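**Q** Counting in our numbering, the sequence shown runs from -7 upward without gaps.
The beta-carbon is built from N, C-alpha and C at its ideal position, and this holds for glycine as well.
In this text, all values refer to a predicted model and were calculated from it rather than measured experimentally.
Here you go, one structure.
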Amino acid sequence: MIAYAERFVPENEPHEAEPPQQDHGIDSVPLNLQLQGTVDFGASSAAMAARDFGGMRSVTPLAVIRPAGSDDVARVVKAALCSGDLTVAARGNGHSINGQAMSDRGLVVDMRTAEPDRFQILTKGPDGIGYAVVPGGALWEDVLRVCLTFGYALRSYTDYLGLTVGGTLSNAGVSGQAFRYGPQTSNVTELEVVIGNGDIVPCSERENPELFFAALGGLGQFGIITRAKIPLQPAPDLVRWVRVVYEDFGSYRRDAEWLVTGREGESVDYVEGFIFVNSNDPVNGWPTVAIKPGQLLDSSQVPDYASHPVLYCLELGFNYRRTDKTSTVDKVVGGLLGQLRYVDGLEFQADVTYADFLLRVKVVEKHARANGIWDAPHPWLNMFVSADDISEFDRLIFRDVLKGGVGGPVLVYPLLRSKWDRRTSVVLPESGEVFYLVALLRFALPFPQGQSVTQMVEENKKVLRICDENRFDYKLYLPHYKSRDEWKAHFGGQWMRFVERKVRFDPMAVLAPGQRIFSRSF
Ligand code: FAD
């Protein structure tokens, strides 16, 4: 084990960090793959695989594989293993920030093409629950659409559904439903995984449980998820979508924590929240709070910027059926809102279909594409911060470092540790039941508007420095590190378990090289 641990990536800067790789020519790629799908050496495919949503890192693969199914994925992994030095990166929808789905002169497997239509909805399992059996490369938005046609919904989502099943299950997958159902990694019952020797292995809590839990939140290190079985529930028809504004973080967190610890049926179905700048800045300020066009935040109702540079917006969702009377929905929602301490009158509501609610970020994507910022760099920082430190985080970071905004949403909402399965590879802050998701979702605007990418990256580093100096209990979500020591510190007490899982399921470190945790063995 120790000998293995010695072979990790070196401890320096990203590009220099990677050991010089052998320059593969096309001839060195095994040509007897016999795939049902395709192998593409073309420049445009390579350019696609050398890009991600973060837009800050780019390494070019040797080839892009478009597999037709799990057998193709297995053949590619076996071929890479035999090659001696090739690596294989599964690429979901390329929505990583720091090149996690890339492979430097290796093989990128475009998972979106693997059996995209092979969706199976099991209307009743033996335990009376519906399940969706879906390919690892399916987009969650497609899974949702298929489920809805059968009257089913998922339990746990991400805010944006243009992400793949395998991509989010390799991280965690969190949104406003996670306080009740846990992350997406807590909402999957079976996987099919292609491990580092090319075997296709079915796994679940009962069958090959070590692989099942390793792969969930495993950053793609232990296998490529080619299929997942997801439990479903009856779909509601509509959502009462509510936003309420707070002046102070104390009241905001009290209410948010009260809601997420409330009993199902007596609380809400969705809880998120964000901070915004107390100004009319269109990207970071008051205009970001309205739900519907025409709604405006009445600034005469908020304190001045000097005393309150940022304000807090709690975002809630109440699911209901078309057959429910509006007066009943009003009564339930009104009853809950009546117990919250937001600023009187600073309340926004809209009734939307369940699908529109879940696909709400699609609308943001459309606008961002139209004005060019969807394809601009996104130096995002995502973290889980213990509730013990979140008020200090607010004082030192939200109200100070970030008081001018980040050029995009800043999410902050509570989650419950007991909804996360400790057997998965995900790591959380050490202490307490409640911890917060903090997400700085930065969009780099074209010069000279807003901060430059470099300034944004520096500000992220400053945030982390403050967390470290104050010994905050936090973990990066969608982590990205440059050195072995940083990865070890990230995993903390679970580092050896992570290494042991690697040794067991991908001992030659063929898989997911873009995470830069392990280096390929020869
Ligand atoms: P990729 O970025 O392509 O891959 C991510 C990693 O997983 C890579 O290491 C890759 O090699 C590996 N991988 C990909 N597919 C597989 C597979 N089938 N099997 C094994 N490994 C695989 N996250 C949340 O939790 N909640 C959110 O609300 C949320 N919203 C987002 C909104 C936007 C606009 C963006 C850009 C990201 C968001 N994310 C969110 C982050 C998202 O979960 C990650 O980017 C994640 O990596 C999924 O993206 P992807 O499917 O494109 O995977």
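(1) Measuring straight from C-alpha to C-alpha, what distance separates V419 and G242?
(2) Can you tell me where the alpha helix (DSSP H) holding F205 begins and where it ends?
(3) Taking only the alpha-carbon atoms, compute the straight-line gap between R387 and L146 and give it to the nearest angstrom.
(4) Over what stretch of residues does the alpha helix (DSSP H) that includes Y244 continue unbroken?
(5) What residues in its chain sit with their C-beta under 7 Å from that of Y80, if we drop five residues either side in the sequence?
(6) Kindly indicate which three-state DSSP category F427 falls into: helix, strand or coil?
(7) Based on the DSSP secondary-structure assignment, which residues constitute the bridge partners of I267?
(8) So what's I509 in DSSP terms, helix, strand or just coil?
(9) Taking 7 Å as the cut-off, is the beta-carbon of H359 closer than that to any non-hydrogen atom of the ligand MG?
(10) Whole angstroms is fine: what's the gap from I509's alpha carbon to G257's?
(11) Three-state secondary structure (DSSP) at E478?
(12) Of all the options R512, R489, C459 and R434, which has the alpha carbon lying nearest to the alpha carbon of M521?
(13) Give the DSSP-derived three-state secondary structure of M500 in the structure shown.
(14) Between the C-alpha atoms of L332 and F483, what's the straight-line distance to the nearest angstrom?
(15) Nearest to C74 by alpha carbon, out of G188, C139 and I113?
(16) With a 10 Å radius around its C-beta and 16 neighbouring C-beta atoms as the bar for buried, classify V355 as buried or exposed.
(17) If you draw a straight line from the C-alpha of H7 to the C-alpha of R476, how long is it?
(18) Should V260 and F310 be called a contact, given that it needs their Cβ atoms to be closer than 8 Å?
(19) If contact is defined by three or more beta carbon pairs under 8 Å, each pair taking one atom from either stretch, is the region 409 to 429 in contact with the region 198 to 215?
(20) Reducing DSSP to helix, strand and coil, say where K284 ends up.
(21) Could you give the uninterrupted runs of the beta strand (DSSP E) lying entirely in the region 348 to 419, keeping only those of 3 residues or more?
(22) Should N85 be counted as a contact of the ligand FAD given a C-beta to heavy atom distance under 7 Å?
(23) Would Y123 and L224 be called neighbours here (beta carbons separated by less than 8 Å)?
(24) Can Q92 be considered in contact with the ligand FAD, in the sense that its beta carbon sits closer than 7 Å to one or more heavy atoms?
(25) From the DSSP output, in three-state form, read off R137 for me.
(26) So does the region 231 to 240 actually touch the region 438 to 446, counting three or more Cβ pairs closer than 8 Å?
(27) Please state if the CB of T181 and the CB of S62 are separated by a distance shorter than 8 Å.
(28) Would you mind stating whether E249 and P406 have Cβ atoms separated by less than 8 Å?
(29) Assign F514 to one of two classes, buried (16 or more other C-beta atoms within 10 Å of its C-beta) or exposed (fewer than that).
(30) For my contact list, D460 and S423 are in at a C-beta cut-off of 8 Å; report their separation, rounded to the angstrom.
(31) In angstroms with no decimal places, state the Cα-to-Cα distance between G17 and L403.
(32) For L338, collect the residues of the same chain with a Cβ closer than 7 Å to its Cβ; drop the 5 residues on either side in sequence, then sort them by chain order.
(33) Write down the C-beta distance between F111 and A130 rounded to the nearest angstrom, noting that I regard them as a contact closer than 8 Å.
(34) Name, in chain order, the residues that DSSP records as bridge partners for G309.
(35) Is the closest heavy atom of the ligand FAD to the C-beta of E159 under 7 Å?
(36) Select from W132, F266, L251 and P301 the residue whose C-alpha is nearest the C-alpha of N272.
**A** Put simply:
(1) 27 Å
(2) P201 to A207
(3) 36 Å
(4) F241 to V252
(5) Sequence check: residue 80 is Val here, not Tyr. Within the same chain, V80 has close Cβ partners V68, V69, A72, S95, G98, L99, V101, V502 and L503.
(6) strand
(7) Y304 and V402
(8) coil
(9) Absence of the ligand MG is noted for the structure shown, with the ligand FAD being the only ligands found.
(10) 43 Å
(11) helix
(12) Nothing about residue 521 can be read from this structure; the chain reaches only from -7 to 514.
(13) coil
(14) 37 Å
(15) G188
(16) exposed
(17) Residue placement at H7 cannot be trusted, given a pLDDT of 36 that sits under 50; what the coordinates show is reported in the next sentence. Whole-angstrom Cα-Cα distance: 15 Å.
(18) yes
(19) yes
(20) coil
(21) 373 to 378 and 402 to 408
(22) yes
(23) yes
(24) yes
(25) helix
(26) no
(27) no
(28) yes
(29) exposed
(30) Not really, about 16 Å apart at Cβ, beyond 8 Å.
(31) In this prediction, G17 has a pLDDT of 46, which is less than 50 and means its spatial position is unreliable; what the coordinates show is noted afterwards. Distance between the alpha carbons of G17 and L403 is about 45 Å.
(32) V236, V237, L289 and Q293
(33) 7 Å
(34) W233 and Y262
(35) Checking the displayed sequence, the identity of residue 159 turns out to be Gly instead of Glu. Yes; taking the cut-off as 7 Å, the Cβ of G159 has a heavy atom of the ligand FAD nearer than that.
(36) P301
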